[in-house]
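For the sequence shown, the residue numbers in my numbering are 49 to 249.
Here a beta-carbon is modelled for each residue, glycine too, at the ideal position from N, C-alpha and C.
For clarity, every value in this text was computed on a predicted model and none was experimentally measured.
The next block holds one structure in the form of structure tokens; read it before the comments.
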Amino acid sequence: MPEPVVFRPRGGQILAWVAIVVCAASLVLILVTDGPLAVVLWSSPLVLIAWIAWLLYVRPSVTVSDGFVEIDNPFRTHRIPWGDIDDIDTRFALTVTTTGGRRIRAWAAPAPGIRRALATRREEVAESPGDGDTRRPSDAAGTESGDASLIVHRRLDEYRRTGGAGRTGGSVSTLGVARIAVTSVLLAASVVTLSLTLPHG
């Protein structure tokens, strides 16, 4: 049984980790210069920035396994069995359409920006999955949407070749309650902190 393949976004990861490191360093600097009380006061906005950077650009993923493709977005996780996949598209991001017509976009695999799309040559998408008329710059190898789409297409084709097609339904979406709660708490604490520390007119 092949190991699951996990695809994570590349573009924002470096910036996200830089933001996280800067926030951590800022807390250390505040501790050294202003003491523990200042750290307590400013921890919520700095932790919120680091948390959002991690939530949006580090945590999201697309996991491809024998039984399903799992799309983990910032606040919701979708597990889609291979038999429930009707179509795969990359127009705005890797998008899986279920047999019931539901379209699920992957935060981890966005389509390239306008500059990258305009610079894409026809031969770069020639080997991409799909018909020639429907291939887009977002299908090109080297783009996040294109690379993720290729992985998903290959495993889906393998599933269908081995006779697994036909078992529709079974997709499950789970709300990330803990992630929403942490975000809400940090956001509320940050608002309180800023209202207490910023000068009022």
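Looking at the backbone, the Cα of Val110 and that of Ser92 are separated by about 30 Å. The way I'd put it, the region 56-67 doesn't touch the region 197-215; fewer than three beta-carbon pairs between them come closer than 8 Å. For Leu223, the pairing in a beta bridge is given by DSSP as Arg124. In this structure, DSSP gives Asp114 a state outside helix and strand, which the three-state scheme calls coil.
In the structure shown, Arg139 falls within a coil segment according to DSSP collapsed to helix, strand and coil. Pro158 and Val88 have their C-alpha atoms roughly 37 Å apart. For Val54, the uninterrupted beta strand (DSSP E) run begins and ends at Val53 to Phe55, by DSSP.
In the DSSP assignment, Ala86 falls within the alpha helix (DSSP H) that extends over Pro84 to Tyr105. Restricting attention to Trp65, Pro108, Leu77 and Pro84, the CA atom closest to the CA of Gly224 is found in Pro108.
Counting along the chain, Ala196 sits inside the alpha helix (DSSP H) bounded by residues Glu192 to Arg209.
In this structure, Ala154 is the residue among Leu235, Ala154 and Cys71 with its C-alpha nearest to the C-alpha of Pro122. In the DSSP assignment, Ala159 falls outside any beta strand (DSSP E) and carries neither an H nor an E. Here Thr145 carries a strand assignment [DSSP, helix/strand/coil]. Checking the DSSP bridge columns, you'll see Ser109 partnered with Asp120.
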